[in-house]
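Enquirer: Following this message is one structure expressed as structure tokens.
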Amino acid sequence: MKQKINSVIKAFLLFNLFAVVNTFGSEPQKAENFKLKDYNGKEFQLSDFKSSKATVIMFVATQCPVSNAYNERMAKLFADYKDKGITFLGINSNKQEDINEIKEHAKTNKLDFLILKDPNNIIADKFQASFTPEIYVLNGNLDVLYHGRIDDNRRESDVKEKDLRSALDEILAGKKVSSPETKAFGCTIKRVN
Amino acid sequence: MPQRYSFVILFLIISCITVFSQSNEKITVNTIDKAKLYKLIKERKGKILFLNVWATWCIPCREEFPAIVKLADDYKNVEFVGISADFPDEVESKIIPFLRSVKVNYKNFVSGFSGDEELINTLDEKWNGALPATFIYDLNGNKQTVLAGIHSYDEFKIQIQKILK
Numbered sequence: 000m001k002q003k004i005n006s007v008i009k010a011f012l013l014f015n016l017f018a019v020v021n022t023f024g025s026e027p028q029k030a031e032n033f034k035l036k037d038y039n040g041k042e043f044q045l046s047d048f049k050s051s052k053a054t055v056i057m058f059v060a061t062q063c064p065v066s067n068a069y070n071e072r073m074a075k076l077f078a079d080y081k082d083k084g085i086t087f088l089g090i091n092s093n094k095q096e097d098i099n100e101i102k103e104h105a106k107t108n109k110l111d112f113l114i115l116k117d118p119n120n121i122i123a124d125k126f127q128a129s130f131t132p133e134i135y136v137l138n139g140n141l142d143v144l145y146h147g148r149i150d151d152n153r154r155e156s157d158v159k160e161k162d163l164r165s166a167l168d169e170i171l172a173g174k175k176v177s178s179p180e181t182k183a184f185g186c187t188i189k190r191v192n
Numbered sequence: 053m054p055q056r057y058s059f060v061i062l063f064l065i066i067s068c069i070t071v072f073s074q075s076n077e078k079i080t081v082n083t084i085d086k087a088k089l090y091k092l093i094k095e096r097k098g099k100i101l102f103l104n105v106w107a108t109w110c111i112p113c114r115e116e117f118p119a120i121v122k123l124a125d126d127y128k129n130v131e132f133v134g135i136s137a138d139f140p141d142e143v144e145s146k147i148i149p150f151l152r153s154v155k156v157n158y159k160n161f162v163s164g165f166s167g168d169e170e171l172i173n174t175l176d177e178k179w180n181g182a183l184p185a186t187f188i189y190d191l192n193g194n195k196q197t198v199l200a201g202i203h204s205y206d207e208f209k210i211q212i213q214k215i216l217k
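One line per chain: the protein sequences are A and B, in this order. Under my numbering, the first residue of the first sequence is numbered 0, with each subsequent residue one higher. Under my numbering, the first residue of the second sequence is numbered 53, with each subsequent residue one higher.
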């Protein structure tokens, strides 16, 4: 009995350790190629966009008030940078948000960039993405050039630092991203486990 | 017989007053900045600190709240404090109504930091800001535990007891 209790405690501690590492650990410096389907069932892979000057991966949600507060800003970013050789990929990893909901949400909010469904949050796990909206900007070699927030305020009227825009401008100018890592609060991605 | 009735009536009046006063108990939520947070962490006065960061828009934070309310009832030798990541102008419209709905029994602040990143880095440079998050400090104000994501009463209890030992 005592042994059983000990193994339960050990398993619990191990689980907690994993949770801490996942949210407090270092982020990957290089992404791996992946394949996902969009809400119309069409499959895409990250390597399809290799020739882009940069690929912006945005972990998004349909029900998160923070992600929704950024809908207009995401749509504007896409409109402003799509013709400059930047690819935008939304990824929805939330277990409770299905493709029909994602499709409807994108239509209502005029999110015209590709939005891919990440069943079982496998890609979110690979990126160690934990909240929405969380951004990763990659180059053609899949190196992570920028990771973090879209800007520094959930309220657009109070924004001081447009971090993602600044990073993209620096990348387009052939410069090194000066603030490659930023932080903000967001909604935790609802994972399958 | 009439004496028994008056006893029942008196009991009902006292119950009503108690319920009324509980539901109308004033909840205040002040802003907290970096200096106030450091002071809070360092001024332990014989109690360890259980610090939970949450927001009204964060569903797992809301789900986790009742467990912390129960812990605050059970551990009088622990100081429980919440910091809401909502905006200071949402105290009356969002924060207090939520705190009232969960019958909060511990002090809560709203972030008055200059931005999310300042609060995140003040609490832990390695934390990426995913909510909820809980930090437990020992009697000397040293951080002993960081718990990311939603946790249950029993999971919190294990961590508290480890530090109380």
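Idealized CB from N, CA, C, for every residue including glycine.
1) Any C-beta of chain A sitting closer than 9 Å to the C-beta of B/Glu-169?
2) Taking C-beta to C-beta, are A/Lys-125 and A/Asn-91 nearer than 9 Å?
3) Of the residues that make up the region 51 to 82 of chain A, which ones have a beta carbon closer than 7 Å to any beta carbon in chain B?
4) Does any residue of chain B bring its CB to less than 9 Å from the CB of A/Asn-108?
5) Roughly how many whole angstroms lie between the Cα atoms of A/Asn-140 and A/Ile-56?
6) Just to check my reading of the structure: B/Lys-209 and B/Leu-123 have Cβ atoms closer than 8 Å, yes? What is that Cβ distance to the nearest angstrom?
7) From which residue to which residue does the beta strand (DSSP E) around A/Gln-44 run?
8) At what residues does the beta strand (DSSP E) containing A/Leu-110 begin and finish?
9) Spatial neighbours of A/Pro-64 within its chain, please: CB distance less than 7 Å, with the 5 preceding and 5 following residues excluded, ordered by chain position.
10) Tell me, which residues are paired with B/Leu-14 by DSSP?
11) Does the distance from the CB of A/Ala-105 to the CB of A/Ile-188 come in under 9 Å?
12) Is A/Asn-93 buried or exposed, if buried means 16 or more other CB atoms sit within 10 Å of its CB?
13) Return the bridge partner residues of A/Val-55 from the DSSP annotation.
14) If I'm right that A/Lys-34 touches A/Glu-42 with Cβ under 8 Å, what's the distance once you round it to whole angstroms?
15) Quick one: what does DSSP say B/Val-156 is sitting in, helix, strand or coil?
16) Is it true that the region 98 to 108 of chain B meets the region 179 to 194 of chain B, where meeting means three or more beta-carbon pairs spaced less than 8 Å apart?
17) Have a look at A/Asn-32 and B/Ser-204 and give me their C-alpha separation to the nearest angstrom.
18) At least one CB of chain A closer than 9 Å to the CB of B/Gly-201: is that the case?
19) Mind listing the chain A neighbours of B/Ile-172? Cutoff is C-beta to C-beta under 9 Å, in chain order.
20) For the alpha helix (DSSP H) containing B/Asp-206, list its first residue and its last residue.
21) Are B/Phe-139 and B/Asp-85 touching if we call contact CB-CB under 9 Å?
22) If you draw a straight line from the C-alpha of A/Thr-54 to the C-alpha of B/Asp-141, how long is it?
23) Measuring only the C-alpha atoms, how far is B/Glu-77 from A/Asp-162?
24) Using a Cβ cut-off of 8 Å, which residues of the region 104 to 130 of chain B contact any Cβ in chain A, in chain order?
25) First and last residue of the alpha helix (DSSP H) that includes B/Leu-175?
26) Okay, do the region 156 to 175 of chain A and the region 73 to 90 of chain A touch, 3+ Cβ pairs below 8 Å being the bar?
Expert: Looking at the coordinates:
1) Taking the second sequence and counting its residues from 1, one reaches residue 169 of chain B at position 117. B/Glu-169 counts as touching chain A.
2) Reading the first sequence from its first residue, position 126 is the one you call residue 125 of chain A. Reading the first sequence from its first residue, position 92 is the one you call residue 91 of chain A. No.
3) Pro-64 and Val-65
4) Reading the first sequence from its first residue, position 109 is the one you call residue 108 of chain A. Output row for A/Asn-108: interface = no.
5) Looking up residue 140 of chain A in the first sequence gives position 141. Looking up residue 56 of chain A in the first sequence gives position 57. Near 14 Å, if we compare the C-alpha coordinates of A/Ile-56 and A/Asn-140.
6) As a working mapping, residue 209 of chain B is identified with position 157 in the second sequence. As a working mapping, residue 123 of chain B is identified with position 71 in the second sequence. Confirmed, about 7 Å.
7) As a first step, residue 44 of chain A is located in the first sequence; it is residue number 45 there, counting from the start. Where A/Gln-44 is concerned, the enclosing beta strand (DSSP E) stretches over 42 to 44.
8) Stepping through the first sequence from its first residue, residue 110 of chain A is reached at position 111. From DSSP, A/Leu-110 is part of no beta strand (DSSP E); its letter is neither H nor E.
9) Position 65 of the first sequence, counted from the first residue, corresponds to residue 64 of chain A. Counting only Cβ-Cβ distances below 7 Å, and skipping sequence neighbours, we find nothing.
10) Since the displayed chain B opens at 53 and closes at 217, residue 14 of chain B lies outside it and no answer follows.
11) In the first sequence, residue 105 of chain A corresponds to position 106, counting from 1. In the first sequence, residue 188 of chain A corresponds to position 189, counting from 1. Against a cut-off of 9 Å, the Cβ pair of A/Ile-188 and A/Ala-105 comes out as no contact.
12) In the first sequence, the residue the question calls residue 93 of chain A occupies position 94. So A/Asn-93 counts as buried.
13) Locating residue 55 of chain A in the first sequence gives position 56, where the first residue counts as 1. In the DSSP output, where bridge partners are listed per residue, A/Val-55 has A/Phe-87 and A/Val-136.
14) By 1-based counting over the first sequence, the position of residue 34 of chain A is 35. By 1-based counting over the first sequence, the position of residue 42 of chain A is 43. About 6 Å; that satisfies the 8 Å criterion.
15) Taking the second sequence and counting its residues from 1, the one referred to as residue 156 of chain B is at position 104. Reduced to three states, the DSSP call for B/Val-156 is coil.
16) yes
17) Within the first sequence, the letter at position 33 stands for residue 32 of chain A. Within the second sequence, the letter at position 152 stands for residue 204 of chain B. When rounded, the distance between both Cα atoms is 36 Å.
18) Reading the second sequence from its first residue, position 149 is the one you call residue 201 of chain B. Taking Cβ atoms only, chain A reaches closer than 9 Å to B/Gly-201, which makes this a yes.
19) In the second sequence, residue 172 of chain B corresponds to position 120, counting from 1. Ordered by position in chain A, the residues that pass the 9 Å Cβ test against B/Ile-172 are Lys-182, Ala-183 and Phe-184.
20) Taking the first residue of the second sequence as position 1, residue 206 of chain B is located at position 154. First-last of the alpha helix (DSSP H) with B/Asp-206: 205 to 216.
21) As a first step, residue 139 of chain B must be located in the second sequence, where it is residue number 87. As a first step, residue 85 of chain B must be located in the second sequence, where it is residue number 33. Cβ atoms of B/Phe-139 and B/Asp-85: not closer than 9 Å.
22) Here residue 54 of chain A refers to the residue found at position 55 of the first sequence. Here residue 141 of chain B refers to the residue found at position 89 of the second sequence. Going from the Cα of A/Thr-54 to the Cα of B/Asp-141 covers about 36 Å.
23) For the purposes of this step, residue 77 of chain B is taken as the residue at position 25 of the second sequence. For the purposes of this step, residue 162 of chain A is taken as the residue at position 163 of the first sequence. Approximately 43 Å, taken between the alpha carbons.
24) Ala-107, Trp-109, Cys-110, Ile-111 and Pro-112
25) Counted from its first residue, the second sequence places residue 175 of chain B at position 123. That run of the alpha helix (DSSP H) goes 168 to 175.
26) yes
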